[in-house]
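Comments concern the structure below.
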Amino acid sequence: PSPPSDMSPIGRIFIVLNLVLAVAFLGWASSALAAGQDFKAQLKAEKAAHEATKAELGKEIEGLTLRSETAEGDLSRTSGELSNLKAVEEQLRTDLKETQLALAELQANFDHMEATLQGYEETNSSLNQDKDELTQKFVDARDEANQLRKERDDLQLAKNDLERDLKVARDKMAELERVAQGLRNEIQDRDTLIATAEATFGTKLGELMSMPNISGAVLMVSNELAPGLVSINRGKADNVQRGYTFEIYSGGQYKGRVRVVDVQENQCFAVIEKTYEGREITQGDSAATHI
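Residue numbers (my numbering): 821 to 1111.
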């Protein structure tokens, strides 16, 4: 229908614009419909391809799932084995540390034993040297001991001989002392007679009895019976006779006089006639008929 004649220009512009827009919409709708048909066909094709791809992917997923389950089982077993291996490794590390400590201790013990062995070897060498020295000393000591035993035996024999001689001498001295006691009485009587004779004749008896010059030494002194008895190392072989007198002295000190009462081959026994006070006649003093 024709627009009313009284419509304003703006109204007519809007009407024209609506018509243009309607035509444009129709054109766009036709294009969109055509495009939609093409898109629908393309979408169907893509959907079919997607389904095919999905089916393939499903198969692959099933395969992957199976492989994954297998892998998970393998992984679980591997994890268990790995855990066991880690435990074994840890144990091995612990054993290794203990072995290293034990080895270090053994090395220290070995070094100590080696040093000790070296010390033992040095000590053994020193002991061998000491043993050789001690062996030589033992041999020397044994020889010396044998020599000392021989000397001891010789000394024992000499001691036995001396003891035997001493016993004989003591027995003889005892016998002589018994004799001397009788002789002293006899001497006393004779001294009385001699004094009477000297007074009568006016001459000393010693001047009438000439004694040779005999010198010797005192061998033994016995004071068991007063005034005492001595033995002198001069006898018949030296022309000593019973009744001779010996003057006893030591160095320049005069000690006294003794008178012979018994004469043997190489010694004589005499009774002590007089001594100086404080000057005891002892073994080893000198004896002489004339001084």
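C-beta atoms are modelled at their ideal positions from N, C-alpha and C, and glycine is treated no differently. Since this is a predicted model, take the numbers as computed values, not measurements.
For residue i, the three-state DSSP class (helix, strand or coil)
i: A1057; result: helix
i: I1068; result: strand
i: L1049; result: strand
i: M993; result: helix
i: I1111; result: coil
i: T1023; result: A caution first: T1023 carries a pLDDT of 37, below 50, which makes its placement in the model too unreliable to give a value.
i: I1101; result: coil
i: M933; result: helix
i: Y1096; result: coil
i: S1030; result: coil
i: I835; result: helix
i: S828; result: coil
i: G1036; result: strand
i: R1079; result: strand
i: Q1073; result: strand
Neighbour-count burial assignment, residue i, 16 or more Cβ in a 10 Å radius
i: M993; result: buried
i: S828; result: exposed
i: K1075; result: buried
i: I881; result: exposed
i: R913; result: exposed
i: A935; result: exposed
i: S888; result: exposed
i: L1049; result: buried
i: I1092; result: buried
i: V840; result: exposed
i: G847; result: exposed
i: T1107; result: The sequence shown places Ala at residue 1107, not Thr. With 16 or more Cβ atoms within 10 Å of its Cβ, A1107 is classed as buried.
i: F930; result: exposed
i: V1080; result: buried
i: F1066; result: buried
From the options, residue whose alpha carbon lies closest to that of residue i
i: F1089; options: G1072, E997, T1109; result: E997
i: V1078; options: S1070, E1085, Y1064; result: Y1064
i: E1097; options: D991, A868, Q1073; result: Q1073
i: L1039; options: D985, P1047, L1045, I1052; result: I1052
i: T1084; options: E1044, R1062, G1071, T1095; result: Before going on, a small fix: residue 1084 reads as Gln here, not Thr. Out of E1044, R1062, G1071, T1095, R1062 has the C-alpha closest to the C-alpha of Q1084.
i: D1058; options: Q857, G1036, A907; result: G1036
Cα-Cα separation, residue i to residue j
i: Q938; j: E953; result: 22 Å
i: Q1087; j: V988; result: 13 Å
i: I1101; j: A965; result: 41 Å
i: F834; j: A849; result: 22 Å
i: F1021; j: M1031; result: Low confidence applies to F1021: its pLDDT is 38, below 50, so where it sits in the model is not reliable enough to give any reading.
i: Q976; j: S946; result: 42 Å
i: I1034; j: I1068; result: 12 Å
i: V1060; j: L968; result: 42 Å
i: E995; j: G1055; result: 18 Å
i: L916; j: L923; result: 10 Å
i: A852; j: E892; result: 53 Å
i: L884; j: E925; result: 57 Å
i: N980; j: Q1103; result: 21 Å
i: D1105; j: D1082; result: 19 Å
i: K867; j: A854; result: 19 Å
i: A1046; j: D974; result: 38 Å
i: Q927; j: Q920; result: 10 Å
i: G900; j: E910; result: 15 Å
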